[in-house]
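Residue numbers (the numbering used here), protein chains in the order written: chain A, 14 to 414; chain B, 55 to 487. C-beta: ideal position from N, C-alpha, C; glycine also. Model, not experiment: these values are computed from the prediction. Shown next, in structure tokens, is the structure this report addresses.
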Amino acid sequence: MEIRPILASLRKHRIPAILIVLEIALACAVLCNAVFMIGQRVVDIHRSNAIDEQGIGVITVDGADPKMASSEIPRNLARLRGIAGVQAVAVTNTVPLSNNNWGWAFGTNPDTRFNDAVNVSAYFLGEGGDKALGLQLLQGRFFNPDEYADSKRGTMPLVDTHVVIVTQSVAERMWPGQPPLGKVLYSKPLAYTVVGVVADVLRPFVNSQRAWNSIFFPLSPDSALSYYVVRSAPQDRDRIVLQAQQALSELDPIAVVKGHSFTDIRDKYFADMSSMAWMLVLVCVVMLAVTAFGIVGLTSFWVQQRRRQIGIRRAVGATRGHIMQYFQTENFLLSSAGIALGMVLAFAINLYLMHHYEMTRMPWFYPPGGAIALWLLGQLAVLGPARRAAAVPPVVATRSV
Amino acid sequence: MFDYYLNLALRSLRRNRVLTALMIITLALGIGASITTLTVLRLLSGDPLPQKSAQLFYAQVDPYTSDGYVPGKTKPQRLMAYPDAMNLLHAHQARRQAAMALTDAKIAPLRAGEHPFFSNGVMTTADFFTMFDAPFRYGGGWTADDDENRAQVVVISDFLNDKLFGGASSVGRTIRVNDHDLRIIGVLKPWAPQPRFYAQGLGGRSYGDGDAVFLPLQTARAASMDPQNDDCWAVADTSKLETAPCIWLGFWAELSSDGEAAAYRRFLSNYVQQQIALGRFSRPEVALSDLPQWLRDEKVVPDDVRLQAGLAFGFLLICVVNTVGLLLAKCLRRSQEIGVRRALGATRRAIFAQFMVEAGIVGMAGGLLGLVFAELGLWCIRHQPAEYAGLAHLDVHMFLLTFLVALVASMIAGLLPAWRASLLAPGSQLKAA
């Protein structure tokens with residue numbers, strides 16, 4: 014296909030040509046960034062969490078008398094174990110994605126400075142917490158019954174024990190390349206020895222890249238333990254949550270008892286994010302439609318304006334295919350120019366967003382991906398007008414307009 | 055003359071219905087999207103207390119140790135420790151001042167057989183209500199003496215009063231909060247500043263319903279109500295937050311002039327110097343931000359909302375460029391008509407005006423349809439899970455702004471085609487025909 018006549022013709026219709034280029038450039042830039050943002054959110058929403066998410070129900074008991082914790086917790090656990098289908102039960106101080114965060118900072122030696130300490134979220138597990146949550150042990154061991162029984166909290170923010178289990182992420186962050194078992198977490202005057210490493214569990218509050226900085230302590234019945242984790246087969250879960258909620262509110266009328274499946278907790282936590290992702294998808298679709306209709310409109314006008322020239326070309330021997338090709342090539346050239354401009358714009362917008370928002374650098378393949386999408390869109394949009402152009406009969410050349 | 059243009063424009067628009075519809079829908083989509091997001095943005099970045107925000111200041115000092123401190127770079131902590139908040143409170147250096155923390159308040163049901171429930175509570179000091187212009191329906195707030203004496207009193211919101219007492223005056227009645235009996239001394243009128251500025255940094259949400267109960271700080275603490283957010287710089291007994299090395303209170307001061315604010319800033323600095331001399335503090339930084347500044351520092355408007363607004367305006371730009379193209383196509387197709395009009399004596403200006411009127415009509419129609427899209431968009435937002443969802447309504451300002459945006463967008467879109475049209479020479483077009 015000869016390009017020169019197309020360029021010559023575009024030069025004569027500079028403004029419509031520039032408009033199409035501009036439209037495609039803007040669409041390309043917005044599309045790349047929007048798709049990138051959608052991708053980021055999808056990754057965030059699907060972050061792994063090595064507990065039995067499908068089988069866990071969580072019942073919170075708030076406002077119970079703190080002095081009664083040591084007698085009420087065993088009583089409540091026994092009641093929950095009696096519900097048909099329950100496989101494991103335990104109390105914890107919080108669960109992943111509950112927004113109830115027990116944050117603390119630890120160093121790798123007793124004199125670690127404030128700024129070098131690593132922020133983690135602390136989970137206190139009542140006996141059987143590993144089974145109830147479905148933690149996946151990678152190295153070492155879970156806590157033994159003595160460690161659960163001997164661990165007390167009183168009024169301190171952390172527990173009085175000497176053992177801790179960390180997630181793989183914490184182990185890699187604190188002791189990169191070294192075996193973590195037997196290492197010690199320090200926070201003056203406290204020190205805890207790592208006895209086990211588990212697969213990554215999300216924190217109660219995920220706000221950064223350090224989403225899996227979780228550590229686990231054993232704890233004997235204590236008022237801090239107000240989350241009852243009930244594990245069952247996924248198909249029994251919803252029934253058990255309801256029964257458990259009812260049972261616990263009967264046992265403790267002064268407390269506020271609420272039950273949820275863990276999947277609900279997860280969905281609720283990410284609801285904002287997923288609605289934002291859907292909104293971005295909607296914007297992309299509508300924007301592409303608008304761009305496509307714009308191309309259809311302008312090209313149609315072009316075809317109509319050039320009916321006579323098309324007729325002449327047909328009369329001197331051009332086939333329908335030639336005419337089709339002409340408009341397709343023209344659109345390809347305009348799209349390419351638009352895409353080139355759009356890619357630059359896309360990176361510029363990404364840079365701006367990186368400066369002003371919590372945004373990372375866009376991977377290199379997004380703009381080429383957007384480019385292919387817009388090339389296809391352009392070709393699809395031009396198909397109708399190009400076919401109409403090809404249908405212009407040669408005889409038009411002999412008529413005055 | 056305008057009538058004539060209007061007539062011509064309508065005729066021309068009617069002649070090419072598909073193209074006209076396409077232009078109007080395109081413009082309307084762009085306008086709908088931007089008005090929707092702009093409405094949300096405006097709601098979220100609004101001034102919670104317009105009559106008073108310039109006089110309210112958030113004070114910060116920093117009791118943390120020198121560990122990790124970089125002079126000039128480390129910003130003071132967002133929250134205050136109890137002794138400092140009390141010292142500032144008792145110094146009375148501002149017209150009004152109050153310390154506060156948020157808490158979960160367990161409220162016992164009044165009728166047997168109902169379950170207790172949790173409500174949002176604020177534990178604060180006497181000046182809270184007058185300083186923040188919280189309006190009372192019945193009764194009033196407590197006094198500074200009540201604060202010191204741990205008076206067993208509480209102020210409740212109108213919605214809690216409706217829920218528990220059916221809206222009748224409940225002043226003098228008793229409710230059980232966290233298993234302690236408290237006497238109601240005041241009921242607020244509906245009061246829910248958006249954003250809930252005083253909750254920033256204290257661990258609460260920023261938008262949505264107001265708080266349900268307000269209690270004297272020391273009364274609440276005596277009933278072992280804990281703050282939503284606390285931060286400790288050393289291992290501590292967190293059941294005794296008053297003496298623990300922990301920060302958990304927000305502190306606001308009312309200062310009615312720049313002079314007073316400057317004086318208060320000096321007072322804060324002197325206070326901190328004094329604490330350093332006493333060996334309690336090691337960081338000299340202080341901050342005193344007025345309410346709008348504090349909201350900006352706290353980034354109260356979610357990033358997502360600002361991103362959405364930016365995206366919507368990018369989208370509007372695409373729609374405008376698209377409309378320019380379509381208008382241009384339409385107007386160049388009518389070269390002959392323009393040629394005839396020019397030959398019959400119409401000036402360039404007249405042609406220009408005619409096409410601008412046409413663009414304006416498209417804009418108005420786009421605005422009208424855009425309003426429908428915006429209402430639809432806001433309806434969708436109201437059904438989203440976000441805490442500000444319920445607030446998303448179109449007000450008169452945004453209603454008018456819709457048409458302004460529509461008109462400006464269509465005028466910008468019409469400028470180029472109208473200019474091109476007015477440049478056409480009458481002769482050549484007639485000859486071609």
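Report back the beta-carbon spacing between residue i and residue j to the nearest angstrom; my notes put them in contact at under 8 angstroms.
{"i": "residue 373 of chain A", "j": "residue 240 of chain A", "result": "Rounded, the Cβ-Cβ distance is 33 angstroms, inconsistent with contact."}
{"i": "residue 89 of chain B", "j": "residue 446 of chain B", "result": "Actually they are not in contact, since the Cβ atoms of residue 89 of chain B and residue 446 of chain B sit about 11 angstroms apart, beyond 8 angstroms."}
{"i": "residue 315 of chain B", "j": "residue 342 of chain B", "result": "7 angstroms"}
{"i": "residue 366 of chain B", "j": "residue 417 of chain B", "result": "Going by Cβ atoms, the distance from residue 366 of chain B to residue 417 of chain B rounds to 18 angstroms, so no, they are not a contact pair."}
{"i": "residue 252 of chain B", "j": "residue 177 of chain B", "result": "Incorrect: roughly 12 angstroms between the Cβ atoms, too far for contact."}
Out of the options, state which residue places its alpha-carbon closest to the alpha-carbon of residue i.
{"i": "residue 127 of chain B", "options": "B/142, B/339 and B/113", "result": "B/339"}
{"i": "residue 59 of chain A", "options": "A/400, A/172, A/265 and A/224", "result": "A/224"}
{"i": "residue 184 of chain A", "options": "A/173, A/175 and A/197", "result": "A/197"}
{"i": "residue 377 of chain B", "options": "B/101, B/133, B/472 and B/216", "result": "B/472"}
{"i": "residue 70 of chain B", "options": "B/422, B/410, B/239 and B/380", "result": "B/380"}
{"i": "residue 293 of chain A", "options": "A/25, A/44 and A/22", "result": "A/44"}
{"i": "residue 411 of chain A", "options": "A/187, A/399 and A/326", "result": "A/326"}
{"i": "residue 284 of chain B", "options": "B/131, B/106 and B/102", "result": "B/131"}
{"i": "residue 356 of chain B", "options": "B/96, B/244, B/274 and B/177", "result": "B/96"}
{"i": "residue 458 of chain B", "options": "B/267, B/414, B/349 and B/204", "result": "B/414"}
{"i": "residue 145 of chain A", "options": "A/317, A/159, A/100 and A/350", "result": "A/100"}
{"i": "residue 276 of chain B", "options": "B/258, B/232 and B/256", "result": "B/232"}
{"i": "residue 286 of chain A", "options": "B/361, B/402 and B/59", "result": "B/361"}
{"i": "residue 421 of chain B", "options": "B/456, B/210, B/228 and B/98", "result": "B/456"}
{"i": "residue 366 of chain A", "options": "B/198, B/358 and B/219", "result": "B/358"}
{"i": "residue 22 of chain A", "options": "A/354, A/84, A/252 and A/316", "result": "A/316"}
State yes or no: is the beta carbon of residue i nearer than 9 angstroms to at least one beta carbon in chain B?
{"i": "residue 40 of chain A", "result": "yes"}
{"i": "residue 119 of chain A", "result": "no"}
{"i": "residue 289 of chain A", "result": "yes"}
{"i": "residue 123 of chain A", "result": "no"}
{"i": "residue 342 of chain A", "result": "no"}
{"i": "residue 269 of chain A", "result": "yes"}
{"i": "residue 235 of chain A", "result": "no"}
{"i": "residue 352 of chain A", "result": "no"}
{"i": "residue 387 of chain A", "result": "no"}
Would you say residue i lies against chain A (beta-carbon separation less than 9 angstroms)?
{"i": "residue 292 of chain B", "result": "yes"}
{"i": "residue 439 of chain B", "result": "yes"}
{"i": "residue 232 of chain B", "result": "yes"}
{"i": "residue 474 of chain B", "result": "yes"}
{"i": "residue 426 of chain B", "result": "no"}
{"i": "residue 84 of chain B", "result": "yes"}
{"i": "residue 464 of chain B", "result": "no"}
{"i": "residue 170 of chain B", "result": "yes"}
{"i": "residue 160 of chain B", "result": "yes"}
{"i": "residue 399 of chain B", "result": "no"}
{"i": "residue 420 of chain B", "result": "no"}
Looking at residue j and residue i, is the spacing between their C-beta atoms short of 9 angstroms?
{"i": "residue 177 of chain A", "j": "residue 230 of chain A", "result": "yes"}
{"i": "residue 345 of chain B", "j": "residue 110 of chain B", "result": "yes"}
{"i": "residue 329 of chain B", "j": "residue 117 of chain B", "result": "yes"}
{"i": "residue 33 of chain A", "j": "residue 311 of chain A", "result": "yes"}
{"i": "residue 238 of chain A", "j": "residue 104 of chain A", "result": "yes"}
{"i": "residue 90 of chain A", "j": "residue 139 of chain A", "result": "yes"}
{"i": "residue 276 of chain A", "j": "residue 66 of chain A", "result": "yes"}
{"i": "residue 284 of chain A", "j": "residue 249 of chain B", "result": "no"}
{"i": "residue 344 of chain A", "j": "residue 308 of chain A", "result": "yes"}
{"i": "residue 161 of chain A", "j": "residue 232 of chain A", "result": "yes"}
{"i": "residue 193 of chain B", "j": "residue 423 of chain B", "result": "no"}
{"i": "residue 42 of chain A", "j": "residue 100 of chain B", "result": "no"}
{"i": "residue 258 of chain B", "j": "residue 133 of chain B", "result": "no"}
{"i": "residue 340 of chain A", "j": "residue 395 of chain A", "result": "yes"}
{"i": "residue 113 of chain B", "j": "residue 307 of chain B", "result": "yes"}
{"i": "residue 151 of chain A", "j": "residue 143 of chain A", "result": "no"}
Label residue i either buried or exposed according to how many other C-beta atoms from any shown protein chain fall within 10 Å of its C-beta, with 16 as the threshold for buried.
{"i": "residue 202 of chain B", "result": "exposed"}
{"i": "residue 120 of chain B", "result": "exposed"}
{"i": "residue 450 of chain B", "result": "exposed"}
{"i": "residue 322 of chain A", "result": "exposed"}
{"i": "residue 151 of chain B", "result": "buried"}
{"i": "residue 414 of chain A", "result": "With a pLDDT of only 48 at residue 414 of chain A, under the threshold of 50, the placement of this residue in the model should not be trusted; the figure read from the coordinates follows. With fewer than 16 other Cβ atoms within 10 Å, it is exposed."}
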